[in-house]
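The numbers in numbering that gives the first Met the number 0 rise by one with no breaks, and the one at position 110 of the sequence shown is 109. Everything on this sheet refers to the single structure shown next.
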Amino acid sequence: MKTAGMTRETVTARLRAHGIQPTHQRIEIAHALFSRMEHMSADQVLALVNERHAETSKATVYNTLKLFVETRLVREVIVDPAKVFYDPNTTPHHHFFDVESGEITDIDAADISISGLPALPAGKVAAGIDLIIRIRANA
């Protein structure tokens, strides 16, 4: 689902399709994510949004990103408890995380084979698997 370069109009339509009331700030936050199709932290989103409109607060960005995750507009990628990124690609995929540079790269789900999952608790089904492979330079 590569949609880099989305316009504000297409972003607005995508918000509505996910049941999100499009406000000026929500449109700008979604546009920051979908115009680049990169994994970004909330602080990176805030910086991009405020380059264009400096009135957006950190709380607004965090609350909006939480809403986007809850409505499955974006995915949350938690590489460690202090590093959360937001991924506009919601198709099934996994990630490489470069622990030295902080870069996150998508891995196509078809390139990964997982077997031997543990038995799930009674009455539960798997909602998904998020695999993060941490990499670093070969020293």
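Built from N, CA and C at the ideal position, the CB exists for glycine as well.
Within the continuous beta strand (DSSP E) that includes residue i, where are the two ends?
{"i": "I28", "result": "I28 -> not in any beta strand (DSSP E); alpha helix (DSSP H) instead, spanning H23 to F33."}
{"i": "T104", "result": "I103 to D107"}
Can you name the start and end residues of the alpha helix (DSSP H) that residue i belongs to?
{"i": "K82", "result": "No alpha helix (DSSP H) contains K82, which is instead part of the beta strand (DSSP E) from K82 to D86."}
Is the beta carbon of residue j closer than 8 Å to that of residue i?
{"i": "D97", "j": "R135", "result": "yes"}
{"i": "R7", "j": "I26", "result": "yes"}
{"i": "T89", "j": "V73", "result": "yes"}
{"i": "E69", "j": "Y85", "result": "no"}
{"i": "V78", "j": "S40", "result": "no"}
{"i": "L119", "j": "A125", "result": "yes"}
Out of the options, which one is the CA nearest neighbour of residue i?
{"i": "G115", "options": "I128, P21, I103 and D79", "result": "I128"}
{"i": "I131", "options": "K123, A125 and I113", "result": "I113"}
{"i": "A46", "options": "K65, V60 and S34", "result": "V60"}
{"i": "R189", "options": "P80, A108 and M5", "result": "The structure shown does not extend to residue 189, since the chain spans only 0 to 138, so no value can be given for it."}
{"i": "D107", "options": "R13, H94, A125 and T11", "result": "H94"}
{"i": "R71", "options": "V44, R133, R13 and E102", "result": "R13"}
{"i": "P87", "options": "S56, A109, A31 and A126", "result": "A31"}
{"i": "N137", "options": "E99, H23, P91 and T11", "result": "E99"}
{"i": "A53", "options": "R15, Q24, I111 and H92", "result": "Q24"}
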